[in-house]
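Novice: I am attaching a structure below and will ask some questions about it afterwards.
Number of protein chains: 2
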Amino acid sequence: MIDEKGILFVLSGPSGVGKGTVRKSLFDRATDLKYSISMTTRSIREGEKEGTDYFYKTKQEFEDLIKKNRLLEYAEYVGNYYGTPRDYVEETLDHGKDVFLEIEVQGALQVKENFPQGVFIFLFPPSLEELKNRIINRGTESEELVKNRLIAAKTEIEMMDAYDYVVVNDEIETAVQKIQSIVQSEHCKRERVAKQYKKALEADFS
Amino acid sequence: MIDEKGILFVLSGPSGVGKGTVRKSLFDRATDLKYSISMTTRSIREGEKEGTDYFYKTKQEFEDLIKKNRLLEYAEYVGNYYGTPRDYVEETLDHGKDVFLEIEVQGALQVKENFPQGVFIFLFPPSLEELKNRIINRGTESEELVKNRLIAAKTEIEMMDAYDYVVVNDEIETAVQKIQSIVQSEHCKRERVAKQYKKALEADFS
Numbered sequence: 001m002i003d004e005k006g007i008l009f010v011l012s013g014p015s016g017v018g019k020g021t022v023r024k025s026l027f028d029r030a031t032d033l034k035y036s037i038s039m040t041t042r043s044i045r046e047g048e049k050e051g052t053d054y055f056y057k058t059k060q061e062f063e064d065l066i067k068k069n070r071l072l073e074y075a076e077y078v079g080n081y082y083g084t085p086r087d088y089v090e091e092t093l094d095h096g097k098d099v100f101l102e103i104e105v106q107g108a109l110q111v112k113e114n115f116p117q118g119v120f121i122f123l124f125p126p127s128l129e130e131l132k133n134r135i136i137n138r139g140t141e142s143e144e145l146v147k148n149r150l151i152a153a154k155t156e157i158e159m160m161d162a163y164d165y166v167v168v169n170d171e172i173e174t175a176v177q178k179i180q181s182i183v184q185s186e187h188c189k190r191e192r193v194a195k196q197y198k199k200a201l202e203a204d205f206s
Numbered sequence: 001m002i003d004e005k006g007i008l009f010v011l012s013g014p015s016g017v018g019k020g021t022v023r024k025s026l027f028d029r030a031t032d033l034k035y036s037i038s039m040t041t042r043s044i045r046e047g048e049k050e051g052t053d054y055f056y057k058t059k060q061e062f063e064d065l066i067k068k069n070r071l072l073e074y075a076e077y078v079g080n081y082y083g084t085p086r087d088y089v090e091e092t093l094d095h096g097k098d099v100f101l102e103i104e105v106q107g108a109l110q111v112k113e114n115f116p117q118g119v120f121i122f123l124f125p126p127s128l129e130e131l132k133n134r135i136i137n138r139g140t141e142s143e144e145l146v147k148n149r150l151i152a153a154k155t156e157i158e159m160m161d162a163y164d165y166v167v168v169n170d171e172i173e174t175a176v177q178k179i180q181s182i183v184q185s186e187h188c189k190r191e192r193v194a195k196q197y198k199k200a201l202e203a204d205f206s
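Here it is, written out as structure tokens:
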């Protein structure tokens, strides 16, 4: 009945909160979401495919895209650029497909700046104790490093006010299910659909 | 972790769209929603219970409540008043329970006036043809009556702009599931929960 555009969903939250695990679990289920493919200047590795794992660009090409504001966000990491190409996102949305992006808090805020019509979901730790445990369990990090990451997490949690939704990651299944509900309910938002619905019905009335 | 207040959900839509069927199907499932109990001046009938089927009041009592603005909406029907008592709704929400109200469009607009913090869901017919069929199938209504009700439905659909969500009632199961998603995602809205979440975590930090 309705020719609807897709929605960009951005999942973010402090480091150690479990964004990657939740995202993997979400994509393990049947989902219509398209995962946002990043762009990078690092070399393609064996087994990787252009347009599947990454879009591979030269440094020059990447910097051109930055200048032309064709990246929703980007960062430099160990000498290489990584970013989210606006064109891929917009084309996917135009085809009526939702795009799902999982990203650090700083990146999410860049996306929000460049694409405010996105839906921003903040993954929240069940408790500070739990966040600490997850950071520690990640690897052999020193006490000093853990402390620093917790302070960073506190700052990131302050950024929560820029988000539309907050989902507590106390249980992965519950968190994933809440994200699915957010996706479904966003498609029912009156300001998104009312105009088209009315139009479809008015065609019937006439 | 969080001591959260309940949310008032209002399901409405044009007559003939299937509000009652969707509501029944929603409550047939396991749900934490509390159905809003109406107040009436009509006599209690055999088998009915005060506070379960209705809150029964005298005409004088009801009119007092109208004057004191203790009804979220009310209407007169065949010589009796029917309405939604504000106190019952607010007490239930204060206990952390969501309240669910299924009501005609005019009533929903009254509720919105008196309780704008509610979440308003508009049930939308899949097509005009389908709405017509449903109105006809309801009983032995004359062609003139069906025509009038369709004109009324068109006016009611114009009211859609006052609502937060629009759910197409093409399939009952899908519509119910969308309403459940809306209920769940509304509880994840940042403006509802961020303050409490931050507070809980700050207690951990200190």
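In the order they appear, the protein sequences are chains U and F.
Residue 1 is where the first sequence starts when you use full-length UniProt numbering, and the numbers rise one by one after that.
Residue 1 is where the second sequence starts when you use full-length UniProt numbering, and the numbers rise one by one after that.
Idealized CB from N, CA, C, for every residue including glycine.
1) In this structure, how does DSSP classify residue 80(U) when only helix, strand and coil are distinguished?
2) Which residue spans inside the segment 107-188 of chain U form an unbroken alpha helix (DSSP H) run of at least 4?
3) How big is the Cα-Cα spacing for residue 200(F) and residue 126(U)?
4) The segment 137-162 of chain U: which residues have C-beta closer than 7 Å to a C-beta of chain F, in chain order?
5) Okay, do the segment 81-101 of chain U and the segment 1-15 of chain U touch, 3+ Cβ pairs below 8 Å being the bar?
6) Can you have a look at residue 29(U) and say buried or exposed, based on whether 16 or more other CB atoms are within 10 angstroms of its CB?
7) For residue 11(U), which of 144(U), 147(U) and 167(U) has the nearest alpha-carbon?
8) Three-state secondary structure (DSSP) at residue 5(U)?
9) Should residue 110(F) be labelled buried (16 or more other beta-carbon atoms within 10 Å of its own) or exposed?
10) Pair every Cβ in the segment 120-136 of chain F with every Cβ in the segment 84-92 of chain F, then say whether three or more of these pairs are closer than 8 Å.
11) Return the chain-ordered list of same chain residues with a C-beta closer than 7 Å to the C-beta of residue 154(F), the five sequence neighbours on each side being excluded.
12) Under the rule that 16 or more other beta-carbon atoms within 10 Å means buried, what is residue 164(F), buried or exposed?
13) In chain F, which residues lie with their C-beta within 9 Å of the C-beta of residue 108(U)?
14) So, does the CB of residue 30(U) fall closer than 8 Å to a CB anywhere in chain F?
15) Determine the direct distance from the alpha carbon of residue 44(F) to that of residue 276(F), and round the result to whole angstroms.
16) Along the chain, where does the beta strand (DSSP E) containing residue 25(F) start, and where does it finish?
17) The alpha helix (DSSP H) that contains residue 92(F), what's its start and end?
18) Residue 190(U) CB to nearest chain F CB: under 8 Å?
19) Specify the secondary structure class of residue 72(F) as computed by DSSP and reduced to three states.
20) For residue 35(F), which beta-bridge partners are listed by DSSP?
21) Residue 178(F) touches chain U at which residues, Cβ-Cβ below 8 Å?
22) When you compare the CB of residue 181(U) with every CB in chain F, is at least one pair closer than 8 Å?
23) Inspect the CB distances between the segment 165-185 of chain U and the segment 174-193 of chain F and report whether three or more fall short of 8 Å.
Specialist: Let me spell this out:
1) Within the first sequence, residue 80(U) is the residue found at index 80, counting from 1. Residue state, collapsed to three classes: strand.
2) 128-138, 143-158 and 172-186
3) Reading the second sequence from its first residue, position 200 is the one you call residue 200(F). Reading the first sequence from its first residue, position 126 is the one you call residue 126(U). Near 9 Å, if we compare the C-alpha coordinates of residue 126(U) and residue 200(F).
4) 154, 157, 160 and 161
5) yes
6) Within the first sequence, residue 29(U) is the residue found at index 29, counting from 1. With fewer than 16 other Cβ atoms within 10 Å, it is exposed.
7) By 1-based counting over the first sequence, the position of residue 11(U) is 11. Minimum Cα distance to residue 11(U) is reached at 167(U).
8) Taking the first residue of the first sequence as position 1, residue 5(U) is located at position 5. Here residue 5(U) sits in coil by DSSP.
9) For the purposes of this step, residue 110(F) is taken as the residue at position 110 of the second sequence. Buried is the call here.
10) no
11) Taking the first residue of the second sequence as position 1, residue 154(F) is located at position 154. Once the five neighbours on either side are set aside, residue 154(F) has no close Cβ partner at all.
12) The count along the second sequence starts at 1 and reaches residue 164(F) at position 164. It is buried - the Cβ of residue 164(F) has at least 16 other Cβ atoms within 10 Å.
13) As a working note, residue 108(U) is residue 108 in the first sequence. Those within 9 Å of residue 108(U) in chain F number zero; the least Cβ separation is about 13 Å.
14) Position 30 of the first sequence holds residue 30(U). Residue 30(U) does not count as touching chain F.
15) Given that chain F is displayed from residue 1 to residue 206, the structure contains no residue 276(F) and the question cannot be resolved.
16) To locate residue 25(F), count along the second sequence from 1; it is residue 25. No beta strand (DSSP E) contains residue 25(F), which is instead part of the alpha helix (DSSP H) from 19-28.
17) Here residue 92(F) corresponds to residue number 92 of the second sequence, with the count starting at 1. Note, residue 92(F): alpha helix (DSSP H), 86-94.
18) Indexing the first sequence from 1 puts residue 190(U) at position 190. At least one chain F Cβ lies under 8 Å of residue 190(U).
19) The residue labelled residue 72(F) in the question sits at position 72 within the second sequence. Note: residue 72(F) maps to strand in three-state DSSP.
20) Counted from its first residue, the second sequence places residue 35(F) at position 35. Note: residue 35(F) sits in a beta bridge opposite 100(F).
21) By 1-based counting over the second sequence, the position of residue 178(F) is 178. In chain order: 184, 185 and 188.
22) For the purposes of this step, residue 181(U) is taken as the residue at position 181 of the first sequence. Yes, residue 181(U) lies at the interface with chain F (some Cβ there is under 8 Å from its Cβ).
23) yes
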